[in-house]
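Chemist: Residue 175 in UniProt numbering sits at position 175 of the sequence shown, and the numbers go up by one each step.
Every residue, glycine too, gets a C-beta built ideally from N, C-alpha and C.
Please read through the structure below; I'll follow up with questions.
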Amino acid sequence: MYQVIKRAGQVAEFDIRKISVAITKAFDAVQKQYHPGVIDLLALQVTANFEPKIKDGKIAVEDIQDSVEEVLGQAGYADVAKCYILYRKQREKIRNMKSPLLDYKKLVDSYVKATDWRVKENSTVTYSVGGLILSNSGAITANYWLSEIYDEEIANAHRNAEIHIHDLSMLTGYCAGWSLKQLIQEGLGGIPGKITSAPAKHLATLCNQMVNFLGIMQNEWAGAQAFSSFDTYLAPFVKTDDLDYEQVKKCIESFIYGVNTPSRWGTQAPFSNITLDWTVPADLAELPAIVGGKEQDFKYKDCQKEMDMVNKAFIEIMIEGDANGRGFQYPIPTYSITKNFDWSDTENNRLLFE
């Protein structure tokens with residue numbers, strides 16, 4: 001007589017009665033009438049079905065269960081087979097739920113001792129207690145993705161390193177772009193029971209709101225968060241307050257330092273992108289500029305000088321780096337080089353191509 005290899009690797013003597021009991025439970029679950037003789041016959045058919053899979057007198061329990069599903073389906077008991085499949089899936093979930101409870105030490109040690117590759121999967125997360133919290137919760141979320149959302153074939157391909165699914169630690173979408181115009185019009189708020197900020201009236205206030213907005217969104221999304229027309233939308237704030245270059249540079253500096261400081265975002269600096277127009281784009285040129293949530297008596301096309309100040313300040317700060325001369329990771333800039341781009345030898349152009 002052959003033996004059965006259990007999931008944990010133990011070996012037990014084969015007992016056909018266990019197959020009969022499992023089939024009986026499936027019939028009972030769908031309230032389907034049956035004769036004991038039919039159950040015994042189905043159990044015998046199962047043994048015949050998995051016989052080719054027996055190796056060295058041993059058969060894996062998973063192979064036996066696969067044969068039960070196949071035999072029930074072939075015998076015309078599709079509803080019973082479906083119930084049996086669901087039962088197997090449920091038992092698998094229960095085993096997976098128990099597993100993390102037993103592996104808590106391994107879970108924590110893998111981060112603390114940096115033995116798990118996931119510790120360095122996200123370069124924006126600092127190795128810290130906060131990073132440990134993200135690692136622990138991420139392990140649970142990743143198992144949810146692989147057990148509840150992706151089908152078994154995809155999940156197994158990831159587990160076997162045949163493919164890699166990135167950012168399984170976040171149960172959310174990947175990247176997102178946001179309307180800077182909407183933030184300028186409406187301010188930062190709209191969440192019941194939370195603090196609401198009115199539309200910014202000054203550049204320094206807007207820079208703080210942008211930092212907070214990107215940080216909030218980073219906690220809700222797995223990947224990069226982006227603003228477009230950064231320089232175009234900031235320029236009117238420079239104009240209305242008649243800011244000089246040093247004042248503009250201080251505001252932009254506070255924004256850049258803000259999005260590179262991980263202290264408030266679960267030890268993770270917001271992965272941020274901005275698009276800079278360099279020259280006022282045609283779709284915005286004739287629109288009234290907005291400051292403090294209100295339209296002004298001038299248009300965006302009237303703010304090219306202020307745009308140049310914003311762009312100069314941004315590039316200079318990115319080139320200078322932090323107090324130790326280290327370059328800033330964020331925001332990642334994208335410049336719009338259109339047919340209207342001024343290729344002359346200006347100070348800003350020299351900075352841009354430095």
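#1: Answer with buried or exposed for PHE341, where buried requires no fewer than 16 other C-beta atoms within 10 angstroms of its C-beta.
#2: When you compare the CB positions of VAL201 and GLY258, do they come within less than 8 Å of one another, or not?
#3: Given a threshold of 16 other Cβ atoms within 10 Å of its Cβ, counted over all protein chains shown, does ASP231 qualify as buried or as exposed?
#4: Write down every uninterrupted run of the alpha helix (DSSP H) in the region 105 to 192 whose length is 4 residues or greater and which is fully enclosed by it, in chain order.
#5: Which of the three DSSP states, helix, strand or coil, is assigned to ALA222?
#6: Quick check: what's the CA-CA separation for LYS294 versus GLN185?
#7: From the DSSP output, in three-state form, read off GLU316 for me.
#8: By Cβ distance, which residues of its chain are closer than 7 Å to LEU102, with the 5 residues on each side in sequence left out?
#9: Would you decide whether THR334 is buried or exposed? Buried here means 16 or more other CB atoms lie within 10 Å of its CB.
#10: Cα separation between GLU13 and GLY177?
#11: For VAL11, write down the residues that DSSP places opposite it in a beta bridge.
#12: In whole angstroms, what is the alpha-carbon distance linking ARG350 and GLN296?
#13: Measuring CA to CA, which of LEU42, ASP40, ASP66, VAL30 is closest to PRO52?
#14: Cα separation between ALA313 and ASP244?
#15: With DSSP run on the structure shown, which of helix, strand or coil describes GLN33?
#16: What residue does the alpha helix (DSSP H) around GLU62 start on, and which one ends it?
#17: Give the DSSP bridge partners of TYR335, in chain order.
#18: Mind checking ASP308: buried by the 16 CB within 10 Å criterion, or exposed?
#19: How about the region 203 to 220 and the region 147 to 156: do they share at least three Cβ pairs that are nearer than 8 Å?
#20: Which residues bound the alpha helix (DSSP H) around PRO236?
#21: Suppose the cutoff is 6 Å on Cβ atoms and the five residues either side in sequence are ignored; what does the same chain contact list for LYS194 look like?
#22: Just reading off the beta strand (DSSP E) that GLU295 is part of, what are its end residues?
#23: How about LEU234 and GLN225: are their beta carbons less than 8 Å apart?
#24: Nearest CA to the CA of GLU316: which residue from GLU92, ILE140, GLU246?
#25: For GLY321, collect the residues of the same chain with a Cβ closer than 7 Å to its Cβ; drop the 5 residues on either side in sequence, then sort them by chain order.
Modeler: So, from the listed chains and residues:
#1: Counting from 1 along the sequence shown, the entry for residue 341 is found at position 341. PHE341 comes out exposed.
#2: Residue 201 sits at position 201 when you count from the first residue of the sequence shown. Residue 258 sits at position 258 when you count from the first residue of the sequence shown. Contrary to the premise, residue 201 reads as Lys rather than Val in this sequence. No, Cβ-Cβ distance for LYS201 and GLY258 is not below 8 Å.
#3: The count along the sequence shown starts at 1 and reaches residue 231 at position 231. The residue in question, ASP231, is buried, as its Cβ has 16 or more Cβ neighbours within 10 Å.
#4: 129 to 144, 152 to 159, 180 to 186
#5: Working through the sequence shown from its first residue, we reach residue 222 at position 222. Note: ALA222 maps to coil in three-state DSSP.
#6: Numbered from its first residue, the sequence shown carries residue 294 at position 294. Numbered from its first residue, the sequence shown carries residue 185 at position 185. About 7 Å.
#7: Start at 1 with the first residue of the sequence shown, and residue 316 comes out as number 316. Helix, per DSSP.
#8: In the sequence shown, counting from the first residue as 1, residue 102 sits at position 102. Only weak support exists for where LEU102 lies, its pLDDT of 48 falling under 50; the coordinates are left without a value.
#9: As a first step, residue 334 must be located in the sequence shown, where it is residue number 334. The residue in question, THR334, is exposed, as its Cβ has fewer than 16 Cβ neighbours within 10 Å.
#10: Working through the sequence shown from its first residue, we reach residue 13 at position 13. Working through the sequence shown from its first residue, we reach residue 177 at position 177. The straight-line gap from Cα to Cα measures roughly 60 Å.
#11: Residue 11 sits at position 11 when you count from the first residue of the sequence shown. Answer is ILE5.
#12: Residue mapping note: residue 350 aligns to position 350 of the sequence shown, counting from 1. Residue mapping note: residue 296 aligns to position 296 of the sequence shown, counting from 1. So the alpha carbons of these two residues sit roughly 32 Å apart.
#13: Looking up residue 52 in the sequence shown gives position 52. Per the Cα distances, ASP66.
#14: As a first step, residue 313 is located in the sequence shown; it is residue number 313 there, counting from the start. As a first step, residue 244 is located in the sequence shown; it is residue number 244 there, counting from the start. About 11 Å.
#15: Residue mapping note: residue 33 aligns to position 33 of the sequence shown, counting from 1. If DSSP states are grouped into helix, strand and coil, GLN33 belongs with coil.
#16: Residue mapping note: residue 62 aligns to position 62 of the sequence shown, counting from 1. First-last of the alpha helix (DSSP H) with GLU62: 61 to 74.
#17: As a working note, residue 335 is residue 335 in the sequence shown. According to DSSP, TYR335 bridges with LEU276.
#18: Reading the sequence shown from its first residue, position 308 is the one you call residue 308. ASP308 should be labelled buried.
#19: no
#20: Here the question's residue 236 lines up with position 236 in the sequence shown. Taken as a continuous stretch (DSSP letters only), the alpha helix (DSSP H) holding PRO236 covers 230 to 240.
#21: For the purposes of this step, residue 194 is taken as residue 194 along the sequence shown, with counting starting at 1. Closer than 6 Å at the Cβ level, and outside the excluded window around LYS194, lies no residue.
#22: Within the sequence shown, the letter at position 295 stands for residue 295. It spans 294 to 299 - the beta strand (DSSP E) in which GLU295 sits, taken as one unbroken run.
#23: Taking the first residue of the sequence shown as 1, we reach residue 234 at position 234. Taking the first residue of the sequence shown as 1, we reach residue 225 at position 225. No, Cβ-Cβ distance for LEU234 and GLN225 is not below 8 Å.
#24: By one-based count along the sequence shown, residue 316 stands at place 316. Its Cα nearest to that of GLU316, the residue GLU246 stands out among GLU92, ILE140, GLU246.
#25: Within the sequence shown, numbered from 1, the residue matching residue 321 stands at position 321. Once the five neighbours on either side are set aside, the close Cβ partners of GLY321 are GLY327, PHE328.
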